[in-house]
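**Q** Anchor point for the sequence shown: position 253 equals 253 in the working numbering, and the numbering is continuous, going up by one each time. For glycine and all other residues, C-beta sits at the position ideal for the given N, C-alpha and C. Here it is, the structure in full.
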Amino acid sequence: MTASISQTMAQLGFAPVIAFLTPQARARPAADTIAVAPGSVLAHFTPEAGSALGGAALAADAPDGPDELPAARVFPHLGVVYGTVEPAGLTALRASPSVRAVKPAAQLSLIRPVAAAVPSEPRGTGWGVAHLRAPELWAQGWTGAGVRVAHLDTGVDPTHPCLDGAVVEFAEFDHTGRRVAGATARDGDHDGHGTHTAATIAGREVDGVRVGVAPGAELCSALVIEGGDITARILGGMDWAIGVGARVLSMSLGIRGLVNSFLDVVAILRDNGVLPVVAIGNEGPGTSRSPGNYPTALSVGAHDRDGVIAGFSSSQRFQRRHHPLTPDVVAPGVDVVSAGPGGGWQALSGTSMATPHIAGLAALLMQAHPDAGVDAVERAILESADLGEMPAERANRGAVNGLRALDLL
């Protein structure tokens, strides 16, 4: 559990916080220009070398070298300011008429695959894609065409043959959460985590191999992890996703445990018409990660090709009236073959692999019903799920059926 603001303040003399601006104080950005929060708000933040934000700025291995020590970062589409405050600044921030809430900030991390292998030469349609019944939606003309899916991960290698033409937008956020000007699309992970998940969302057919659920979708990929101040980088990616018009957000990352730091951020995404699809974690039963365990996120666990819940797939029950059990659904996440480093293929296992399956399905449904809102698309996905022989405590609603979801929408 992340320490409260007061606990962190007592230990360090400062605390990292996320300040949520009131609607009246928010400056909506025009095009790619950067709007700034009211000066009175920024004045309450103090640069701290000992913070994640300050440490990232001073790190010699930052992408653009050591930076000036920032007090805060502004994310205009989200309407939030993230940075460090000392006691007087916190008091002033909470009293500011421009601020509606101040929340403690927590650092997210990548949900790493639990197993990796080089598969034999793949053929035909990936088992996960077929299990979702995506090919039957393709046959009706639904490929995700025209739907933008934001993919916050380790980046993407757009030169992989199955991603040719799939990546329409790319952004890289440096160790302090600033967008890197003129960044070329790349995967910052030597294992190709981002490339694998990206291809599961929107991979195109290559020599009869079909690994992407939504092969017509437009992929907006951001390199936001790992290294540096992850909170700043993720907020940067979420803010950017709204700006580029994404309708789905796929995230295979989180904070261990129930940490409410990003609860309001997820609500802002939904208010902007973005469906957040988030991995629940790979730590097994009785565990989960935030924001995947939020009632407002569409959380995804993993099952294998036999419909058995993966032992690593997280699941947890909470004492709350609505949505007490996570994940919401489960999807193919064991021995998933997708794009690998250097243009090849690799098989990975994890809820990181299950999540892009559902993100891709959401794109198919949104193309089929362009006027359907986030709630309606999510509801169709949830109600399409079937438990079969899976225990409810581990799978909640069960495995998703894409064809049924289309019928329900």
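(1) Run the CB neighbour count on Gly-375, radius 10 Å, all protein chains shown included, and call it buried at 16 or more, exposed below.
(2) Check whether the stretch 351 to 365 touches the stretch 139 to 149, counting contact only when three or more Cβ pairs, one atom from each stretch, lie closer than 8 angstroms.
(3) Shortest alpha-carbon distance to Ser-314 belongs to which of Gly-307, Thr-296, Val-334 and Thr-287?
(4) May I have the straight-line CA-CA distance separating Gly-333 from Thr-91, to the nearest angstrom?
(5) Let's test the definition: count the other Cβ atoms within 10 Å of the Cβ of His-190 and tell me whether it reaches 16, buried, or not, exposed.
(6) Write down every uninterrupted run of the beta strand (DSSP E) in the stretch 46 to 129 whose length is 3 residues or greater and which is fully enclosed by it, in chain order.
(7) How is Arg-379 classed by DSSP in three states: helix, strand or coil?
(8) Residue range of the alpha helix (DSSP H) that Gly-402 falls in?
(9) Looking at the secondary structure, which residues open and close the alpha helix (DSSP H) in which His-196 lies?
(10) Could you say which of Gly-228, Met-251 and Ala-3 lies nearest to Met-238 if we only look at CA atoms?
(11) Check whether the stretch 15 to 25 and the stretch 172 to 188 are in contact - that is, three or more C-beta pairs closer than 8 angstroms.
(12) Taking just the CA atoms, how far does Ala-105 sit from Asn-260?
(13) My parser needs the beta strand (DSSP E) runs of 3 or more residues fully inside the stretch 198 to 262; what are they?
(14) Which whole-angstrom value describes the C-beta separation of Gly-203 and Gly-124, a residue pair presumed to lie in contact below a C-beta threshold of 8 angstroms?
(15) Considering Cα atoms alone, identify which of Met-353, Asp-371 and Ile-225 is closest to Ala-116.
(16) Could you tell me the alpha carbon to alpha carbon distance between Gly-79 and Val-265, rounded to whole angstroms?
(17) Taking the beta carbon of Asp-306 as the centre, do at least 16 other beta carbons fall within 10 Å, making it buried, or is it exposed?
(18) Would you mind stating whether Val-81 and Val-41 have Cβ atoms separated by less than 8 angstroms?
(19) Asn-282: which of Val-244, Val-308 and Thr-351 sits nearest, CA to CA?
(20) State the Cα-Cα distance for the pair Ala-405 and Ala-368, rounded to the nearest angstrom.
(21) In the DSSP assignment, what are the bridge partners of Ser-299?
(22) Which term fits Val-118, buried or exposed, when burial requires 16 or more other beta carbons within 10 angstroms of its beta carbon?
(23) Is Ala-57 close to the ligand SAM? I mean its beta-carbon at under 7 angstroms from any heavy atom of the ligand.
(24) Quickly, what does DSSP pair Val-330 with across the bridge? List them, please.
(25) Given Arg-100, which residues of its chain have a CB within under 6 angstroms of its CB, disregarding the five upstream and five downstream residues?
(26) Taking Val-206 as the reference, which of Pro-161, Glu-218, Ile-225 and Gly-273 has the closest Cα?
(27) Report the rounded CA-to-CA distance for Pro-215 versus Ala-52, giving the unit in angstroms.
(28) With distances taken from CA atoms, which of Asp-229, Ser-299, Gly-192 and Ala-246 is nearest Gly-273?
(29) Would you call the stretch 168 to 183 and the stretch 127 to 142 in contact, with 3 or more CB pairs under 8 angstroms?
(30) Per DSSP, which one or two residues make a beta bridge with Thr-287?
(31) By Cβ distance, which residues of its chain are closer than 6 angstroms to Gly-155, with the 5 residues on each side in sequence left out?
(32) Quick one: give me the first and last residue of the beta strand (DSSP E) that Pro-16 is part of.
(33) Let me check one thing: in DSSP terms, what residues is Glu-169 bridge-paired to?
**A** Let me spell this out:
(1) Strictly speaking, residue 375 in this sequence is Asp, with Gly absent from that position. Per the 10 Å Cβ criterion, exposed.
(2) yes
(3) Thr-287
(4) 46 angstroms
(5) exposed
(6) 72 to 75, 80 to 85, 99 to 104 and 115 to 117
(7) helix
(8) 402 to 408
(9) 193 to 202
(10) Met-251
(11) no
(12) 9 angstroms
(13) 218 to 223, 248 to 251 and 253 to 256
(14) With a Cβ gap of about 13 angstroms, Gly-203 and Gly-124 do not count as contacting.
(15) Met-353
(16) 9 angstroms
(17) exposed
(18) yes
(19) Thr-351
(20) 11 angstroms
(21) Val-278
(22) exposed
(23) As presented, the structure is devoid of all ligands, the ligand SAM included, so that no description of it is given.
(24) Gly-301 and Ala-399
(25) Phe-20 and Thr-22
(26) Pro-161
(27) 38 angstroms
(28) Ala-246
(29) no
(30) Ser-315
(31) Arg-186, Asp-187, Gly-188, Gly-194 and Leu-223
(32) 15 to 21
(33) Cys-220
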